[in-house]
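Chemist:
Number of protein chains: 2
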Amino acid sequence: MDIKSAVTQLSSIAQEARLEIFRLLVQAGVEGLPAGSIGEKLNIPPSTLSFHLKELSHAGLIDSRQVSRFIYYTANYAAMNGLLAYLTENCCAGVNECCPDITICNQEKGNEP
Amino acid sequence: MDIKSAVTQLSSIAQEARLEIFRLLVQAGVEGLPAGSIGEKLNIPPSTLSFHLKELSHAGLIDSRQVSRFIYYTANYAAMNGLLAYLTENCCAGVNECCPDITICNQEKGNEP
DNA sequence: GCATTATTTCCATAATTATGGAAATATAGA
DNA sequence: TCTATATTTCCATAATTATGGAAATAATGC
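Sequence order for the protein chains is A and B.
The working numbering applies: residue 1 is where the first sequence begins, and numbers increase by one.
The working numbering applies: residue 114 is where the second sequence begins, and numbers increase by one.
#1: First and last residue of the alpha helix (DSSP H) that includes residue 139 of chain B?
#2: Determine the DSSP secondary structure at residue 124 of chain B, reduced to helix, strand or coil.
#3: For chain B, find out if any of its Cβ atoms is closer than 8 Å to the Cβ of residue 19 of chain A; answer yes or no.
#4: Would DSSP call residue 33 of chain A helix, strand or coil?
#5: Are the CB atoms of residue 168 of chain B and residue 125 of chain B nearer to each other than 8 Å?
#6: Given this structure, state the Cα-to-Cα distance separating residue 149 of chain B from residue 162 of chain B, to the nearest angstrom.
#7: For residue 68 of chain A, which of helix, strand or coil comes out of DSSP?
#8: Just list the residues that DSSP pairs residue 176 of chain B with in beta bridges.
#9: Could you give the distance in angstroms between the alpha-carbon of residue 64 of chain A and the alpha-carbon of residue 151 of chain B?
#10: Pull up the CB-CB distance for residue 156 of chain B and residue 174 of chain B, whole angstroms please, since I reckon it's below 8 Å.
#11: Against residue 156 of chain B, what residues of chain A qualify as contacts under a CB-to-CB distance less than 7 Å, listed in chain order?
#12: Can you give the Cα-Cα distance for residue 130 of chain B and residue 136 of chain B, rounded to whole angstroms?
#13: Give every residue of the same chain whose Cβ lies closer than 8 Å to the Cβ of residue 141 of chain B, excluding the five residues on either side of it in the sequence, and list them in chain order.
#14: Could you name the residues of the same chain whose beta carbon sits closer than 8 Å to that of residue 180 of chain B, not counting the 5 residues immediately before and after it, in chain order?
#15: Tell me which residues of the segment 134-152 of chain B have at least one Cβ-Cβ distance to chain A shorter than 9 Å, keeping chain order.
#16: Comparing C-alpha positions only, which one of B:119, B:116, B:122 and B:127 sits nearest to residue 114 of chain A?
#17: Helix, strand or coil for residue 80 of chain A per DSSP?
#18: Could you give the distance in angstroms between the alpha-carbon of residue 122 of chain B and the alpha-carbon of residue 196 of chain B?
#19: Give a yes or no on whether the minimum CB-CB distance between residue 90 of chain A and chain B is below 8 Å.
#20: Looking at residue 184 of chain B: is its Cβ nearer than 8 Å to the Cβ of residue 165 of chain B?
#21: Compare the Cα-Cα distances from residue 91 of chain A to each of B:120, B:205, B:144 and B:116 and report the closest residue.
#22: Can you tell which of A:3, A:89 and A:57 has the C-alpha that lies nearest to the C-alpha of residue 19 of chain A?
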């Protein structure tokens with residue numbers, strides 16, 4: 001992880017609408033949600049939603065896949081992990097127990113029904 | 114944690130200079146660093162540094178204390194924890210093991226010499 | 001091909017944020 | 001009080017980012 005990617009990822013969630021979208025997707029799990037549902041749940045007009053989804057997507061914090069006419073968006077848990085790890089890297093100079101290892105939202109253990 | 118605070122905190126580190134400052138302080142541990150040292154290490158002019166430190170401070174991600182003529186800045190590990198927890202809250206709907214508990218950088222276990 | 005639905009692009013406008021020089025303020029020691 | 005050092009405030013300029021309507025594009029079923 002380099003600092004520019006980290007800034008891009010942080011910027012992408014440093015905005016209320018996008019943070020709501022991201023958290024919604026984090027909570028939605030590996031199946032994700034189609035764009036339309038996201039806009040409906042969060043009451044965001046299509047053009048604005050599209051703009052924000054693109055920002056999150058470019059940052060790499062969410063992925064998308066097409067299913068018929070719907071585009072499903074999902075949180076990229078690995079990217080989230082990477083970002084959190086970067087923030088806490090070498091915490092307290094790694095000298096002691098101040099900062100335990102982190103392992104958060106490992107997508108390998110997803111909850112696909 | 115409410116979404117506005119989270120956005121404020123994320124915005125505060127969604128900027129290269131500030132992310133460098135924050136990470137430097139996270140790594141510096143509980144003693145922290147005086148403003149001057151930060152500016153020197155990261156090559157940031159005083160006025161710019163002051164602006165960025167204020168942003169981080171207002172967001173609550175760093176604290177400061179005066180020691181003689183120096184102002185020491187420190188990472189607020191509790192705030193960092195809170196932010197990371199907010200991002201991963203109810204991950205995958207909390208249905209399974211997708212997202213283990215997180216405990217990162219607990220300042221109670223600091224490494225004061 | 002046509003109608004329908006889903007999503008994105010384009011665009012102008014508005015709002016926010018970053019930069020750093022110069023001056024001001026604060027602290028401490030002689 | 002005078003001087004030196006540390007940090008912040010002020011300010012103008014520049015750059016980036018957000019918003020949403022309207023139009024365009026894409027995908028599906030009939």
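Heads up, the beta-carbon is just placed ideally off N, CA and C, and yes, glycines get one too.
Modeler: In terms of the structure at hand:
#1: 129-141
#2: helix
#3: yes
#4: Of the three classes helix, strand and coil, the one that applies to residue 33 of chain A here is strand, per DSSP.
#5: yes
#6: When rounded, the distance between both Cα atoms is 9 Å.
#7: When DSSP states are grouped into helix, strand and coil, residue 68 of chain A belongs to the coil group.
#8: Paired residue(s): B:187.
#9: 40 Å
#10: Not really, about 21 Å apart at Cβ, beyond 8 Å.
#11: Residues of chain A passing the Cβ test: none, with the nearest at roughly 14 Å.
#12: Rounded to the nearest angstrom, the two C-alpha atoms are 10 Å apart.
#13: 187 and 188
#14: Contacts found: 147.
#15: 135, 136, 139, 140, 141, 142 and 143
#16: It is not possible to answer for residue 114 of chain A, since the shown part of chain A is limited to 1 through 113.
#17: helix
#18: Going from the Cα of residue 122 of chain B to the Cα of residue 196 of chain B covers about 8 Å.
#19: yes
#20: no
#21: B:144
#22: A:57
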